[in-house]
Amino acid sequence: MDPITKMVVINSMKVLPSDVVIKLYGSNADVMIKETCFGIIVSGERSVVEPLLSSIRRMDPYGIFIKERGLAPGEPYRCRATRRGGARPGFHTLESEDKILPYIASALKALDKGEVPKQKQKKKKLDVEKLKQIIKEAEVSQ
Amino acid sequence: MKVFIYPSNSLILSDLVERFGHEPLAIMSEIGKRVRTQGLDSPPLNITPEEPKLGLKYAAVEVPSGVRGRMALFDPLISKADAAIIVRDPVTSFGCMGCARTNELINFLIRAKKIPLLELDYPSTEEDAKEFVFKISEFLKSLKEEEK
Chain A
79 MDPITKMVVI NSMKVLPSDV VIKLYGSNAD VMIKETCFGI IVSGERSVVE
129 PLLSSIRRMD PYGIFIKERG LAPGEPYRCR ATRRGGARPG FHTLESEDKI
179 LPYIASALKA LDKGEVPKQK QKKKKLDVEK LKQIIKEAEV SQ
Chain B
52 MKVFIYPSNS LILSDLVERF GHEPLAIMSE IGKRVRTQGL DSPPLNITPE
102 EPKLGLKYAA VEVPSGVRGR MALFDPLISK ADAAIIVRDP VTSFGCMGCA
152 RTNELINFLI RAKKIPLLEL DYPSTEEDAK EFVFKISEFL KSLKEEEK
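Protein chains in written order, with our numbering: chain A, 79 to 220; chain B, 52 to 199.
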């Protein structure tokens, strides 16, 4: 017995959480599924959940992101329903990363096309000697 | 290879590491182990008196107890790590003394471990994201070559 819970975050133009849920129910696998605002949570045996979710990822490889979740859906210690609301632990990281998922999706597409991004030139910090020289010049001009 | 990620609950890093064929070492798996234990001693996380002892490996008694408690969760991850990907100054990594000091300590321990390490910044534009994903994919590919 090796139970695992995985979180599927959907940021796709083609796939909706409800489409994924229908596909998961259709698979007839022995898992617990919860549809959420960001995607779905799937809980079950590791040997069942992992192959199932790798098939789900194929629905939109650039729009579906998966990570493990410590707590099962509806866990009474962490569920907002029993804790009377508030952000659940991990929400803020998810919220901040969700904003950049479209960029990551287009970066993954570019990577698959074989695009090599240009290396950005880092701005060098101002040299102390140069700063001293600027100060001197400013003093002279005054 | 087992790749430690920081922020340790990052969706993007966890997904990319798994996508490129490695195992992400994330805090969620450690929390999962503790909440699934039968008969919780101290809900919501099963932090027993044994855990802070693990934390003592990294931090002295006078250090905030939160650091030791958190280090107890991070200990198995750091000891198992074969490589690491660290995002510098993530937006969500602020917090109380316990959180902030733990984050600093984790970053220090990972650097001191002398394992292959990739340090990045979170992307804020599409171009940055392309560089971010490209660097991660190249880093993870190089790990696969090392494995061979």
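Virtual Cβ for every residue (Gly too), placed ideally from N, Cα, C.
Within this structure, are the beta carbons of residue i and residue j separated by less than 9 Å?
i: glycine 148 of chain A; j: arginine 152 of chain B; result: no
i: alanine 180 of chain B; j: tyrosine 181 of chain A; result: yes
i: isoleucine 134 of chain A; j: glutamate 69 of chain B; result: no
i: glycine 164 of chain A; j: asparagine 60 of chain B; result: no
i: arginine 162 of chain B; j: leucine 171 of chain B; result: no
i: threonine 83 of chain A; j: glutamate 146 of chain A; result: yes
i: leucine 67 of chain B; j: methionine 85 of chain A; result: no
i: glycine 149 of chain B; j: proline 115 of chain B; result: yes
i: lysine 195 of chain B; j: histidine 73 of chain B; result: yes
i: isoleucine 136 of chain B; j: isoleucine 56 of chain B; result: yes
i: isoleucine 178 of chain A; j: serine 130 of chain B; result: no
Could you give the C-beta distance for residue i and residue j, rounded to a whole number, given that I count them as a contact under 8 Å?
i: aspartate 140 of chain B; j: isoleucine 166 of chain B; result: So it is not a contact: roughly 21 Å between Cβ atoms.
i: glutamate 123 of chain A; j: aspartate 80 of chain A; result: 6 Å
i: isoleucine 157 of chain B; j: phenylalanine 125 of chain B; result: 6 Å
i: leucine 76 of chain B; j: tyrosine 109 of chain B; result: So it is not a contact: roughly 16 Å between Cβ atoms.
i: proline 103 of chain B; j: glycine 117 of chain B; result: Between glycine 117 of chain B and proline 103 of chain B the Cβ distance is about 10 Å, and since that is not below 8 Å, they are no contact.
i: valine 194 of chain A; j: phenylalanine 183 of chain B; result: With a Cβ gap of about 14 Å, valine 194 of chain A and phenylalanine 183 of chain B do not count as contacting.
i: serine 90 of chain A; j: isoleucine 142 of chain A; result: 6 Å
i: alanine 183 of chain A; j: tyrosine 155 of chain A; result: Rounded, the Cβ-Cβ distance is 33 Å, inconsistent with contact.
Along chain A, which residues have their Cβ under 9 Å away from the Cβ of residue i?
i: tyrosine 173 of chain B; result: Ser174, Glu175 and Ile178
i: methionine 79 of chain B; result: Thr83, Met85, Lys145, Glu146, Arg147, Gly148, Leu149 and Gly168
Please list, in chain order, the chain B residues whose beta carbon lies closer than 7 Å to that of residue i.
i: threonine 171 of chain A; result: Pro58, Asn60, Ser61 and Thr143
i: lysine 188 of chain A; result: With the sequence shown as reference, residue 188 of chain A is identified as alanine, and lysine is not the correct amino acid for it. In chain order: Lys181.
What does residue i touch in chain A if you count any residue whose Cβ is under 7 Å from its own?
i: arginine 87 of chain B; result: Pro81
i: aspartate 66 of chain B; result: Phe143, Ile144 and Lys145
i: valine 184 of chain B; result: Ile182, Ala185, Leu186 and Leu189
i: serine 188 of chain B; result: Leu189
Mind listing the chain B neighbours of residue i? Cutoff is C-beta to C-beta under 8 Å, in chain order.
i: proline 195 of chain A; result: Glu178, Lys181, Glu182 and Phe185
Output needed in chain order: residues of the region 85–104 of chain A with a Cβ under 9 Å from some Cβ in chain B.
Met85 and Val87
Can you list the alpha helix (DSSP H) stretches of 4 or more residues lying completely in the region 113–172 of chain B, in chain order?
116–131 and 148–163
Could you tell me which uninterrupted beta strand (DSSP E) segments, each at least 3 residues in length, are contained entirely in the region 58–109 of chain B, listed from first to last along the chain?
For the region 58–109 of chain B, whole beta strand (DSSP E) runs of length 3 or above, ordered along the chain, are 74–76.
Whole alpha helix (DSSP H) elements within the region 136–204 of chain A, 4-residue minimum
Qualifying alpha helix (DSSP H) stretches, in chain order: 169–176 and 179–191.
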